[in-house]
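Here the structure is laid out as structure tokens; the discussion comes afterwards.
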Amino acid sequence: MNESQHLSSQFDEDLSGLRTHVLQMGGMVETQISAAIEAYSSGEVSSVKHIVETDRKVNDLEKAIDDDCAHLIARRQPAASDLRLVFGITKIVTDLERAGDEAKKIAKGVRRIYEAGQMPSQYGIGVRHIAEAALGMLRHALDSFARLDPQLAEEVIRADADVDTEFKSIMRQLITHMMEDPRTITTSIDIIWIARAVERIGDHAKNIAEHVVFIVEGRDIRHQDKESKA
Amino acid sequence: MQIHDNPALKAEARNLNFYYGEAKALKNINMPIYDKKVTALIGPSGCGKSTYLRSFNRMHDLYPGNRYEGEIRFFPDNTNLLSPEVDPIEVRMRVGMVFQKPNPFPKSIYENVAYGLRVRGENNKRVLDDKVEHALKGGAIWDEVKDRLQDLASNLSGGQQQRLCIARALATDPELLLFDEPTSALDPIATAAIEELVHELKKRVTILIVTHNMQQAARVSDYTAYMFLGEMIEFGKTDEIFIKPQDKRTEDYITGRMG
Ligand SMILES: Nc1ncnc2c1ncn2[C@@H]1O[C@H](COP(=O)(O)OP(=O)(O)OP(=O)(O)O)[C@@H](O)[C@H]1O
Ligand SMILES: [Mg+2]
Numbered sequence: 001m002n003e004s005q006h007l008s009s010q011f012d013e014d015l016s017g018l019r020t021h022v023l024q025m026g027g028m029v030e031t032q033i034s035a036a037i038e039a040y041s042s043g044e045v046s047s048v049k050h051i052v053e054t055d056r057k058v059n060d061l062e063k064a065i066d067d068d069c070a071h072l073i074a075r076r077q078p079a080a081s082d083l084r085l086v087f088g089i090t091k092i093v094t095d096l097e098r099a100g101d102e103a104k105k106i107a108k109g110v111r112r113i114y115e116a117g118q119m120p121s122q123y124g125i126g127v128r129h130i131a132e133a134a135l136g137m138l139r140h141a142l143d144s145f146a147r148l149d150p151q152l153a154e155e156v157i158r159a160d161a162d163v164d165t166e167f168k169s170i171m172r173q174l175i176t177h178m179m180e181d182p183r184t185i186t187t188s189i190d191i192i193w194i195a196r197a198v199e200r201i202g203d204h205a206k207n208i209a210e211h212v213v214f215i216v217e218g219r220d221i222r223h224q225d226k227e228s229k230a
Numbered sequence: 231m232q233i234h235d236n237p238a239l240k241a242e243a244r245n246l247n248f249y250y251g252e253a254k255a256l257k258n259i260n261m262p263i264y265d266k267k268v269t270a271l272i273g274p275s276g277c278g279k280s281t282y283l284r285s286f287n288r289m290h291d292l293y294p295g296n297r298y299e300g301e302i303r304f305f306p307d308n309t310n311l312l313s314p315e316v317d318p319i320e321v322r323m324r325v326g327m328v329f330q331k332p333n334p335f336p337k338s339i340y341e342n343v344a345y346g347l348r349v350r351g352e353n354n355k356r357v358l359d360d361k362v363e364h365a366l367k368g369g370a371i372w373d374e375v376k377d378r379l380q381d382l383a384s385n386l387s388g389g390q391q392q393r394l395c396i397a398r399a400l401a402t403d404p405e406l407l408l409f410d411e412p413t414s415a416l417d418p419i420a421t422a423a424i425e426e427l428v429h430e431l432k433k434r435v436t437i438l439i440v441t442h443n444m445q446q447a448a449r450v451s452d453y454t455a456y457m458f459l460g461e462m463i464e465f466g467k468t469d470e471i472f473i474k475p476q477d478k479r480t481e482d483y484i485t486g487r488m489g
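Right, here's the structure in full:
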């Protein structure tokens, strides 16, 4: 990435301001997700309200960043690495906002489960495990953006396959469980929703990592595995 | 979008050096010019863009002490434009030029365009009328001047004068058109008209354009070359140069950074 300064110092400030805002937004979404995981394990549903409120701030920040990007494009006509950065940021904030939405879904699912009774203990560990993995992916994706580190981004992309595999195994367990004991269906469906949301967070982290690779290297690596298999 | 094979060559600079007396202004330039494509030349002031452009129509021959080394091959006939055996007047028929400031002759609109044809020995009124109309249409200015062909060209607006100069360059049916910052003296509307015209013209002629406006280079060209201190630093498809240039010097220039 190009570390030299622009002739216009205002341009440098605009770009670094944008990056800072993305990292702030990323931090908020991380907090949302870890609070949702915490609520899942502890049954402390009071934090759910807080997660929903944070989501509003995340949405506002997404709009503000998009706005800043539009202004920067109109005023500066960025090219090359600057263009890739601005373009990448508009995509990263979309994925971040959606990851935040998934955290909200987890929180609401947790509230339903605990309000109806107790969390069946046998699922605590599996879901918690992939949730930690997905959150780790998001952290690393944001680190790779902060440091513009494509190697770290590639690691995030590879990690997504593990989260997907684990998600499928949790699904199989839950389906078996529902067939054995139909009284657990309502709770099981909520847990499936939660696991599904976690898996989507992993997907968003992977997308963010792909945007980072594009920003740094100018390569669009999305959908690569599908194409090479075809 | 990916273009897989490069189009045919219209011209190619091969180990081109150029000297103003002792001063070396072009340093071993190798570069293809693709047929019926627009190639933009960009680079900081004084890097040699105009010097390079002027080599294509042997403008430097007009001053003593100027010296070329290497070749500019012109296709399909594979002529070396710089060869002493090649007549510069003949070269200028095949390679037209449009300058930064519109420079119509102090004559009528009609005579500005007919001039190049008369030099070529064309005197038949009907043929001249026909070719002048055709060239003015090619310059996208016919509708504005068809009722005032005998007016002085200097009465036209700057943007119209520039399109008249393009029509004048087109009159001799050149194969390559050279533009040296053709819109730097024009307002955005007149600039857009010239850019539109460039787009239209590349259906029949190859274009090499010098511009200081990065967005213009990005808008009008298929290929872009970045020059620095008399050297060709990077040549590539415009999309690639403006999204992911290979050389840090290119990157610094187009993103407005200090090197
Ligand atoms: N007639 C001349 N005699 C001597 N040196 C010249 C002459 N014309 C240009 N030069 C020198 O050759 C170098 C290249 O000049 P040139 O005009 O080709 O640059 P350019 O890239 O077109 O710059 P600009 O963007 O300012 O038009 C410069 O160092 C310039 O001073
Ligand atoms: Mg010049």
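Those protein sequences? They're chains A and B, same order as listed.
First residue of the first sequence? That's 1 in my numbering, and the numbers climb one at a time after it.
First residue of the second sequence? That's 231 in my numbering, and the numbers climb one at a time after it.
Every residue gets a Cβ at the ideal spot worked out from N, C-alpha and C, and that includes glycine.
Quantities reported herein were computed from a predicted structural model and do not represent experimental measurements.
*asked:* Under 7 Å: does the beta carbon of S285 (chain B) sit that close to some heavy atom of ligand 2?
replied: As a position in the second sequence, residue 285 (chain B) is number 55, starting the count at 1. Incorrect: S285 (chain B) has no Cβ contact closer than 7 Å to ligand 2.
*Residue(s) in a DSSP beta bridge with K254 (chain B)*: Translated into positions along the second sequence, residue 254 (chain B) becomes position 24. For K254 (chain B), the beta-bridge partners assigned by DSSP are B:Y249.
*asked:* I want to see whether chain A comes within less than 8 Å of F465 (chain B), judged by CB atoms only; does it?
replied: Against the second sequence, residue 465 (chain B) aligns to sequence position 235. Not one chain A Cβ lies under 8 Å of F465 (chain B).
_Check: V440 (chain B) C-beta below 7 Å from any heavy atom of ligand 2_ = In the second sequence, residue 440 (chain B) corresponds to position 210, counting from 1. Yes - ligand 2 has a heavy atom lying nearer than 7 Å to the Cβ of V440 (chain B).
*With A365 (chain B) and L400 (chain B) assumed to form a contact (beta carbons below 8 Å), what rounded beta-carbon distance in angstroms separates them?*
On the second sequence, position 135 is the one that residue 365 (chain B) refers to. On the second sequence, position 170 is the one that residue 400 (chain B) refers to. For a cut-off of 8 Å, the C-beta gap from A365 (chain B) to L400 (chain B) is around 5 Å, short enough to register as a contact.
*Compare the C-alpha of I33 (chain A) against each of A:M137, A:R19 and A:R219 and name the closest.*
Residue mapping note: residue 33 (chain A) aligns to position 33 of the first sequence, counting from 1. Distance check between I33 (chain A) and each of A:M137, A:R19 and A:R219 places A:M137 closest, using alpha-carbon atoms only.
_Cβ-based burial, S280 (chain B) [other Cβ within 10 Å; buried from 16]_ = Counting from 1 along the second sequence, the entry for residue 280 (chain B) is found at position 50. Burial call: buried.
_Contacts of P475 (chain B) in chain A (Cβ-Cβ under 8 Å)_ = For the purposes of this step, residue 475 (chain B) is taken as the residue at position 245 of the second sequence. Residues of chain A with a Cβ closer than 8 Å to the Cβ of P475 (chain B) are, in chain order, A80.
*Could you check the C-alpha separation between P306 (chain B) and L239 (chain B) for me, to the nearest Å?*
In the second sequence, counting from the first residue as 1, residue 306 (chain B) sits at position 76. In the second sequence, counting from the first residue as 1, residue 239 (chain B) sits at position 9. Spanning the two alpha carbons is a distance of roughly 8 Å.
_Exercise answer, beta-carbon shell around ligand 1 heavy atoms below 5 Å_ = Going along the chain, the residues that qualify are B:Y250, B:A255, B:S275, B:G276, B:C277, B:G278, B:K279, B:S280 and B:T281.
*Whole-angstrom Cβ separation of Q391 (chain B) and P334 (chain B), contact assumed at under 8 Å?*
Residue mapping note: residue 391 (chain B) aligns to position 161 of the second sequence, counting from 1. Residue mapping note: residue 334 (chain B) aligns to position 104 of the second sequence, counting from 1. So it is a contact: roughly 5 Å between Cβ atoms.
*Compare the C-beta of N59 (chain A) with all C-beta atoms of chain B and state if any pair is closer than 8 Å.*
Here residue 59 (chain A) refers to the residue found at position 59 of the first sequence. Not closer than 8 Å to any Cβ of chain B, the Cβ of N59 (chain A) fails to qualify, so no.
*Among the residues of its own chain, which have a CB less than 8 Å from the CB of M488 (chain B), if the five just before and after it don't count?*
Looking up residue 488 (chain B) in the second sequence gives position 258. Taken in chain order, the residues that qualify are D482.
_Contact check, A133 (chain A) vs A141 (chain A), beta carbons under 8 Å_ = Reading the first sequence from its first residue, position 133 is the one you call residue 133 (chain A). Reading the first sequence from its first residue, position 141 is the one you call residue 141 (chain A). With contacts defined as CB atoms closer than 8 Å, A133 (chain A) and A141 (chain A) fail to qualify as a contacting pair.
_Judging by CA-CA distance, which residue of A:H211, A:L148, A:E180 and A:S47 is the nearest neighbour of A103 (chain A)?_
Translated into the one-based positions of the first sequence, residue 103 (chain A) becomes position 103. Of the candidates A:H211, A:L148, A:E180 and A:S47, A:S47 places its Cα closest to the Cα of A103 (chain A).
_Cβ-heavy atom distance, D417 (chain B) to ligand 2, below 7 Å_ = On the second sequence, residue 417 (chain B) is found 187 positions in, with the first residue counted as 1. With a cut-off of 7 Å, the C-beta of D417 (chain B) is classified as distant from ligand 2, since no heavy atom of the ligand falls inside that distance.
*Determine whether the Cβ of L23 (chain A) lies closer than 8 Å to any Cβ atom of chain B.*
Taking the first residue of the first sequence as 1, we reach residue 23 (chain A) at position 23. Cβ-Cβ to chain B under 8 Å: no for L23 (chain A).
*What does E464 (chain B) pair with, by DSSP beta-bridge criteria?*
Locating residue 464 (chain B) in the second sequence gives position 234, counting from the first residue. Partner(s): B:Y456.
*Between the segment 457-468 of chain B and the segment 269-280 of chain B, are three or more C-beta pairs nearer than 8 Å?*
Counting C-beta pairs closer than 8 Å gives three or more between the segment 457-468 of chain B and the segment 269-280 of chain B, which meets the contact rule.
*Could you list which residues in chain A have their beta carbon closer than 8 Å to that of I484 (chain B), in chain order?*
As a working mapping, residue 484 (chain B) is identified with position 254 in the second sequence. Chain-order list of chain A residues neighbouring I484 (chain B): A79 and A80, by C-beta distance under 8 Å.
_Rounded C-alpha distance that separates G26 (chain A) from A116 (chain A)_ = Walking along the first sequence from the start, residue 26 (chain A) turns up at place 26. Walking along the first sequence from the start, residue 116 (chain A) turns up at place 116. Approximately 32 Å between the Cα atoms of the pair.
_Out of B:L246, B:A415, B:N247 and B:L271, which one is the CA nearest neighbour of L408 (chain B)?_
On the second sequence, position 178 is the one that residue 408 (chain B) refers to. Ranked by how close their Cα comes to the Cα of L408 (chain B), the residues B:L246, B:A415, B:N247 and B:L271 have B:L271 in first place.
*Where L7 (chain A) falls, given that 16 or more other Cβ within 10 Å makes a residue buried*: One-based indexing of the first sequence puts residue 7 (chain A) at position 7. By the 10 Å Cβ count, L7 (chain A) comes out exposed.
*Name the chain B residues that come within less than 7 Å of Q118 (chain A), Cβ to Cβ?*
Within the first sequence, numbered from 1, the residue matching residue 118 (chain A) stands at position 118. From the beta-carbon of Q118 (chain A), no residue of chain B is found nearer than 7 Å; the closest lies around 55 Å away.
_Buried or exposed, going by whether 16 or more other CB atoms sit within 10 Å of the CB of H71 (chain A)?_
Position 71 of the first sequence holds residue 71 (chain A). H71 (chain A) is exposed by the Cβ-count criterion.
*asked:* With a threshold of 8 Å between beta carbons, is Q224 (chain A) in contact with chain B?
replied: Position 224 of the first sequence, counted from the start, is the residue given in the question as residue 224 (chain A). No, because no Cβ of chain B sits closer than 8 Å to the Cβ of Q224 (chain A).
*Local Cβ density within 10 Å of P418 (chain B), reported as buried at 16 or more and exposed below that*: Position 188 of the second sequence, counting from 1, holds the residue named residue 418 (chain B). Around the C-beta of P418 (chain B), fewer than 16 other C-beta atoms lie within 10 Å, and the residue is accordingly described as exposed.
*From what residue to what residue does the alpha helix (DSSP H) around V316 (chain B) run?*
On the second sequence, position 86 is the one that residue 316 (chain B) refers to. Per DSSP, V316 (chain B) belongs to no alpha helix (DSSP H) and is neither H nor E.
_Can you pull the chain A neighbours of E425 (chain B), defined as C-beta to C-beta under 8 Å?_
On the second sequence, residue 425 (chain B) is found 195 positions in, with the first residue counted as 1. Residues of chain A with a Cβ closer than 8 Å to the Cβ of E425 (chain B) do not exist, since the nearest Cβ in that chain sits about 15 Å away.
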